[in-house]
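Note that the protein sequences, when read in sequence, are chains R, X, D and E. Read in order, the letters of the first sequence correspond to residues 1089 to 1224 in our numbering. Read in order, the letters of the second sequence correspond to residues 1089 to 1224 in our numbering. Read in order, the letters of the third sequence correspond to residues 1089 to 1224 in our numbering. Read in order, the letters of the fourth sequence correspond to residues 1089 to 1224 in our numbering. Worksheet: one structure, shown below.
Number of protein chains: 4
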Amino acid sequence: MPLIRFGVSIDKELLVKFDRLIKDRKYTNRSEAFRDLIRQELIQEEWQGNHEIAGAVTLIYNHHKRELINKLMDIQHDFGQAIISSQHIHLDHNNCLEIIAVKGSPKEARRLADTLKSVKGVKHGTLSMSSAGKGI
Amino acid sequence: MPLIRFGVSIDKELLVKFDRLIKDRKYTNRSEAFRDLIRQELIQEEWQGNHEIAGAVTLIYNHHKRELINKLMDIQHDFGQAIISSQHIHLDHNNCLEIIAVKGSPKEARRLADTLKSVKGVKHGTLSMSSAGKGI
Amino acid sequence: MPLIRFGVSIDKELLVKFDRLIKDRKYTNRSEAFRDLIRQELIQEEWQGNHEIAGAVTLIYNHHKRELINKLMDIQHDFGQAIISSQHIHLDHNNCLEIIAVKGSPKEARRLADTLKSVKGVKHGTLSMSSAGKGI
Amino acid sequence: MPLIRFGVSIDKELLVKFDRLIKDRKYTNRSEAFRDLIRQELIQEEWQGNHEIAGAVTLIYNHHKRELINKLMDIQHDFGQAIISSQHIHLDHNNCLEIIAVKGSPKEARRLADTLKSVKGVKHGTLSMSSAGKGI
């Protein structure tokens, strides 16, 4: 695809901060960083609408809480359509990290993440909102 | 562990909003929601310091950009100690979702995420900051 | 489901060997071991026919062979329907273990495994033939 | 690495069969097929000795058997050193496919596979014996 070049005006103070950010995050130039900012916004939009999205739910829990695992498993099977697969890591004798790859409607993905996170015994949960890649 | 019960004062307006949030997120009561808020803060702390953390990096990219995959692979092998395993999903004929489970120092995890996200051709990247579970 | 009990005649020599195998493999009794033998046979049958099966392809390769990864990725996208997700482990600075979860027709799964294994640079490949679980 | 070329004598009948096998398995020439046979043998050797190996355990089970999941989880945490991560796929409302990536001593990997497979309720289990890649 052809690259289009155009000017951008930013006040100095903001640009200094932006350049520091760019350096911290290992970008090689401002354009690359801008492209990422735009894509980030597009993904935010995707998650507001009905487009197909992709993402990941991460959970930390203690697998010794017996009913917990069964509940998490049941919920995942109930949301079968939204889940592609999950990755399970035994962090130590007690703690598990579970990363669930999700795909589908943003609403369904959010509902899955909220339902899993609210299960008693889940120590921490996050939802990484990403894209199915077509619109960005 | 014994549950300790204590009072909390919150102005009405804020509480109404909090209760709405709790309902939206499927919590069964305020205490459960508060516990999660506290853990969330503790995890933020963990990511500021030198404690061992766990998390996930998600990447969306078009696998047809030939050099891209090799670069991503090289970076991951360079950060070998910080990576447990990764999960790869072929979203469609072009797009890949890669979810990398990470463990180690917050600084290293951030550096890995930033390095991967800045590779040209990566459409989107996120870093889910979670916990190794011991401190929460 | 009701358990049905019935007698089985086996010559002593064979039974001694079978009991040793049972003990080695941690079975608690002969019935459990027999059930597994029967399921094993049913799965063999599933892989001869057109039933939906599930399984895993494992690959060991050196990721420094540049074209290799691109080829493996292209093949996987071509067989998109048969692949659920894959798990990637960086064994050391050179070697990767990739485990691809497959589902679909036995013929397609075999073809995928053979195609991946025959790529120059793949050091070793296996196909674990398992079941989608419905018929066993 | 330099390729060394040498002659091999095989009776016709066996060669015909071998060539058919090579064709079925998509090899482009006999040398490539021979290299794989040799590596296959080396891996068999690795699994007889004390070298570090890598592999995968696949399990099929019905997640509705409540105690089953807890047992599988406990066993995996007990063998924590041998397990890198696991991949979980919800095949349908009842059946799960779990693929556990293992690394370590052959004896330990076998013991893990046997212990998991012998748990009541596990419908099928396989152990893919592969290599950590250094010796092949």
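Each residue gets a CB set at the ideal place from its N, CA and C atoms; glycine is no exception.
Count the other C-beta atoms from every protein chain shown that fall within 10 angstroms of the C-beta of E/S1219, then say buried if there are 16 or more, exposed otherwise.
buried
Given that a residue counts as buried once 16 or more other Cβ atoms are within 10 Å of its Cβ, and exposed if not, what is R/F1094?
Exposed, by the Cβ-count rule.
Measuring alpha carbon to alpha carbon, tell me which residue in X/T1146, X/A1144, X/I1141, X/H1152 is nearest X/N1182.
X/H1152
So D/S1173 packs on D/A1197, CB below 8 Å; how close in whole Å?
Not really, about 15 Å apart at Cβ, beyond 8 Å.
Per the contact definition of three or more C-beta pairs closer than 8 Å, is the stretch 1209-1217 of chain X in contact with the stretch 1164-1179 of chain E?
Contact between the stretch 1164-1179 of chain E and the stretch 1209-1217 of chain X is absent, because fewer than three Cβ pairs lie under 8 Å.
According to the Cβ coordinates, are R/A1142 and R/K1191 closer than 7 Å?
yes
Using only the alpha-carbon positions, how far apart do D/T1146 and R/S1097 sit?
53 Å
Output yes if chain X places a C-beta closer than 7 Å to the C-beta of E/I1172; else output no.
yes
With a CB to CB cut of under 6 Å and the five nearest residues on each side skipped, what residues in its chain are close to D/P1194?
W1135, I1141
Can you give me the Cβ contacts of E/S1119 inside the same chain, cut-off strictly under 6 Å, excluding the 5 residues immediately before and after it?
none
Counting only beta-carbon atoms, is D/G1221 nearer than 7 Å to chain E?
With 7 Å as the cut-off, D/G1221 counts as an interface residue toward chain E.
Would you list the residues sitting across from R/V1210 in a DSSP beta bridge?
Within the DSSP secondary-structure output, R/V1210 pairs in a beta bridge with R/Y1149.
Residues in its own chain within less than 7 Å of D/H1139 by CB, not counting five upstream and five downstream?
G1223
Does the Cβ of X/L1179 have 16 or more other Cβ atoms within 10 Å, making it buried, or fewer, making it exposed?
buried
Using the DSSP secondary-structure output, state which residues sit across from R/N1183 in a beta bridge.
According to DSSP, R/N1183 bridges with R/N1150.
Could you spell out where the beta strand (DSSP E) holding D/S1173 opens and where it closes?
1171-1178
Using beta carbons (cut-off 7 Å, strictly below), is X/G1168 in contact with chain D?
Put simply, the CB of X/G1168 is near chain D, with a gap under 7 Å to one of its CB atoms.
Excluding the 5 residues flanking E/F1122 on each side, which residues of the same chain have their C-beta closer than 8 Å to its C-beta?
The answer, listed in chain order, is V1096.
Taking just the CA atoms, how far does D/Q1128 sit from E/R1199?
Approximately 19 Å between the Cα atoms of the pair.
Mind listing the chain X neighbours of R/S1193? Cutoff is C-beta to C-beta under 9 Å, in chain order.
From the beta-carbon of R/S1193, no residue of chain X is found nearer than 9 Å; the closest lies around 15 Å away.
For chain R, find out if any of its Cβ atoms is closer than 7 Å to the Cβ of X/S1216; answer yes or no.
Interface residue (Cβ-Cβ distance to chain R less than 7 Å): X/S1216 is classified as such.
Have a look at the DSSP bridge pairing and note the partners of X/A1189.
X/A1144, X/S1173
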